[in-house]
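Engineer:
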Amino acid sequence: MRKSKDRLRNESPNQNPRGVTDPGASGPDQSLPRPFAGAGGGCSAEGGAAKARGASGTWCEPDRPGRIKLLQNRVLLGRQSVSSTCTPLGSTMIHSLFLINSSGDIFLEKHWKSVVSRSVCDYFFEAQERATEAENVPPVIPTPHHYLLNVYRHKIFFVAVIQTEVPPLFVIEFLHRVVDTFQDYFGVCSEVVIKDNVVVVYEVLEEMLDNGFPLATESNILKELIKPPTILRTVVNTITGSTNVGDQLPTGQLSVVPWRRTGVKYTNNEAYFDVIEEIDAIIDKSGSTITAEIQGVIDACVKLTGMPDLTLSFMNPRLLDDVSFHPCVRFKRWESERILSFIPPDGNFRLLSYHVSAQNLVAIPVYVKHNISFRDSSSLGRFEITVGPKQTMGKTVEGVMVTSQMPKGVLNMSLTPSQGMHTFDPVTKLLSWDVGKINPQKLPSLKGTMSLQAGTSKPDENPTINLQFKIQQLAISGLKVNRLDMYGEKYKPFKGIKYMTKAGKFQVRT
């Protein structure tokens, strides 16, 4: 909002052959990390723009004619309402953001104050090399002059550079919100899509952070500030030279419900809720459960006219642990009655995420029978596995994928599946079996032999088996929605609820 339209047009990938760079920052950043300051200072403004103090006591910064950016002390960030603390003049929370693909290439960077050299990412690359998997890169990486905080989603690392002591979870939650916003804007958050919509990406990032501090993170507000790209809008912008930046302050920005825009109208009023649960489990050789837990979310798609007030109740809400909410949820009502009461945002949003850790409440929906054996005196080994349903309430287990990292001494595998397709990579030693849907009357199995390298000793450990699967219309925790009521509007909306269970990190030891 603060940057001019010409500035946004100049932020293009043509200026950097290796990636996209934000050229609007003032210069190299040579300052050292400073201790996090208290609330005694004032909020700084980038570029020395003149400030005005509004009648309400809110700092505001004059922008192009007809636009005023409001610097609110209260920042709504995803799961909870976070009060931002002002730091002394010149201080910035998030200095820079780097987007790095899985190959280690920086394909986009954004700077909010001064340019931080790309060389700071060398510390991240070192941590990436030490990690066995991309998900195992430490979320916080200290360097001599900065801290690097990162999240890994959609095969992209989002790396934020900070110089002061700030709550790490605050920055990490903001990075997740950036990813969710890109996904909401473009449908898919990938390297190709981000490069194709680089101007909109810069405009959105400019609105989400003000001088490095989170300002507008709600999708409804952002879509009024920056219009989502469409084919027609792209053609019009190309011909007229205009941008996607809106000319008016969002109506919800100063509302008590900033996550919902006013004047919403729909011909068909509907509200859909998806209860999605991921089960993480480790099963030992005998089939006993070593550990198991459930990570669940409730995603909503609400398209209702006006300003509806909804209440969502559950049949068994007490089984939920470690619950986190969208800011629209009235927390006191949940604490006292275990009922979700909220004025919903317009469109798609995550209403709730929860955790179920009690072992007696986590049912294991599938089982694996296995017989994997190696012999010291033989160059052959035996491999047999069978997958079957268990405690699925009669629901079908589908999308089953079995993978196993075989020992280095295995040269090849000669296997025969009863259903599906299997592959074995002799270089990476990875066995993959795409099972598909499980028929309880005819359980899928994979049997055969393994060719071992001559002269090699018996492996110290048998390989582990990793499973992926999903079960429609089943919440494995037993969570069930009781009813959804609407107040404040007179029409009757269409309501829908869907359940799904899928595997997270599901491992069977052999």
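So that you can map any letter, position 89 of the sequence shown is 89 in the UniProt record's numbering, and since no number is skipped, the others follow by simple counting. Just so you know, even glycine gets a beta-carbon here, dropped at the ideal spot from N, CA and C.
#1: DSSP state of His111, grouped into three classes?
#2: Please list, in chain order, all residues of the same chain as Leu446 whose beta carbon is under 7 Å from its beta carbon, the five residues on each side excluded.
#3: Ends of the beta strand (DSSP E) at Ala127?
#4: Is it the case that the Cβ atoms of Thr464 and Thr428 are separated by a distance below 8 Å?
#5: If we count Cβ pairs, one from each stretch, closer than 8 Å, do we get three or more for the region 295 to 312 versus the region 487 to 499?
#6: Scan the region 117 to 191 and note each continuous beta strand (DSSP E) run of 3 residues or more that stays entirely inside, going in chain order.
#7: Pro493: which of Thr267, Arg118, Ile141 sits nearest, CA to CA?
#8: Using a Cβ distance threshold of 8 Å, determine whether the region 337 to 348 contacts the region 212 to 222, with at least three qualifying pairs required.
#9: Can you check which of these residues, Arg318, Ser114, Ser336, Gly504, is closest to Gly212 by C-alpha distance?
#10: Across which residues does DSSP place Thr396 in a beta bridge pair?
#11: At which residue ranges does the region 296 to 383 contain complete beta strand (DSSP E) runs of 3 or more residues, listed in the order of the chain?
#12: Let me check one thing: in DSSP terms, what residues is Asn412 bridge-paired to?
#13: On the criterion of 16 or more Cβ atoms from any shown chain inside 10 Å, does Met413 qualify as buried, or is it exposed?
#14: Suppose the cutoff is 6 Å on Cβ atoms and the five residues either side in sequence are ignored; what does the same chain contact list for Arg153 look like?
#15: Taking Leu339 and Ser313 to be in contact with their CB atoms under 8 Å, please state how far apart those CB atoms are, rounded to whole angstroms.
#16: I want to know whether the region 468 to 478 touches the region 282 to 290 - three or more CB-CB distances under 8 Å.
#17: In whole angstroms, what is the alpha-carbon distance linking Cys328 and Arg260?
#18: Among Ser96, Pro229, Val116, which has the Cα closest to the Cα of Asp210?
#19: Please report the straight-line C-alpha distance between Leu215 and Pro168, rounded to a whole angstrom.
#20: For the candidate residues Phe98, Asp280, Val402, Gln419, whose alpha-carbon lies nearest to that of Lys505?
#21: List the endpoints of the continuous alpha helix (DSSP H) containing Val199.
#22: Within the continuous alpha helix (DSSP H) that includes Asn220, where are the two ends?
#23: For the putative contact between Thr456 and Gly381, defined by C-beta atoms under 8 Å, what is the C-beta separation to the nearest angstrom?
#24: Do you know how far the Cα of Phe349 is from the Cα of Ala271?
#25: Go ahead and label Asn269 buried or exposed: buried means 16 or more other beta carbons lie within 10 angstroms of its beta carbon, across all protein chains shown.
#26: By how many angstroms is the C-alpha of Ser117 removed from the C-alpha of Phe273?
#27: For Gln391, count neighbouring Cβ atoms within 10 angstroms of its own Cβ and tell me buried if that reaches 16, exposed if not.
#28: For the beta strand (DSSP E) containing Lys458, list its first residue and its last residue.
#29: What does a CB cutoff of less than 6 Å around Asp184 pick up in its chain, not counting 5 residues either side in sequence?
#30: Suppose the cutoff is 6 Å on Cβ atoms and the five residues either side in sequence are ignored; what does the same chain contact list for residue 512 look like?
#31: Whose C-alpha, out of Phe158, Arg318, Ile283, is nearest the C-alpha of Glu135?
#32: Straight-line CA distance for Val400 to Ile438?
#33: Using CA coordinates, which residue listed in Glu398, Glu133, Asn482 is at the minimum distance from Lys502?
#34: Quick one: measure Cβ to Cβ for Val435 and Pro444, integer angstroms, because I've assumed they're closer than 8 Å.
#35: Using the C-alpha atoms, what's the distance from Asn482 back to Asp105?
#36: Is it right to say Asn197 is buried, meaning 16 or more other beta carbons lie within 10 angstroms of its own, or is it exposed?
Structural biologist: Considering the structure as presented:
#1: strand
#2: Ile385, Leu415, Pro417, His422, Trp433
#3: Looking at the DSSP string, Ala127 is not in any beta strand (DSSP E); the run it does join, the alpha helix (DSSP H), is 121 to 130.
#4: no
#5: yes
#6: 140 to 142, 147 to 153, 156 to 162
#7: Comparing Cα positions, the closest option is Thr267.
#8: Pairwise C-beta distances place the region 337 to 348 in contact with the region 212 to 222, as three or more of them are shorter than 8 Å.
#9: Ser114
#10: DSSP, once it has assigned bridges, lists no residue as partnering Thr396.
#11: 309 to 314, 321 to 325, 339 to 342, 347 to 356, 366 to 374
#12: Ser451
#13: Looking at its Cβ environment, which holds 16 or more other Cβ atoms inside 10 Å, Met413 is buried.
#14: Val179
#15: The residue you asked about is not Leu; residue 339 is Ile in the sequence shown. At roughly 5 Å, the Cβ-Cβ gap stays under 8 Å, so Ile339 and Ser313 are in contact.
#16: no
#17: 9 Å
#18: Ranking the options by Cα distance to Asp210, first place goes to Ser96.
#19: 17 Å
#20: Proximity to Lys505 across Phe98, Asp280, Val402, Gln419 peaks at Asp280, based on C-alpha coordinates.
#21: 198 to 208
#22: 219 to 225
#23: Going by Cβ atoms, the distance from Thr456 to Gly381 rounds to 11 Å, so no, they are not a contact pair.
#24: Whole-angstrom Cα-Cα distance: 12 Å.
#25: Around the beta-carbon of Asn269, 16 or more other beta-carbon atoms lie within 10 Å, marking it buried.
#26: 44 Å
#27: exposed
#28: Element bounds for Lys458: n/a, residue is neither H nor E.
#29: Ser219
#30: Limits of the chain in this structure are 1 at one end and 510 at the other, which puts residue 512 out of reach.
#31: For the residues Phe158, Arg318, Ile283, the minimum Cα distance to Glu135 belongs to Phe158.
#32: Rounded to the nearest angstrom, the two C-alpha atoms are 8 Å apart.
#33: Glu398
#34: 5 Å
#35: Taking the straight line from one Cα to the other gives about 49 Å.
#36: buried
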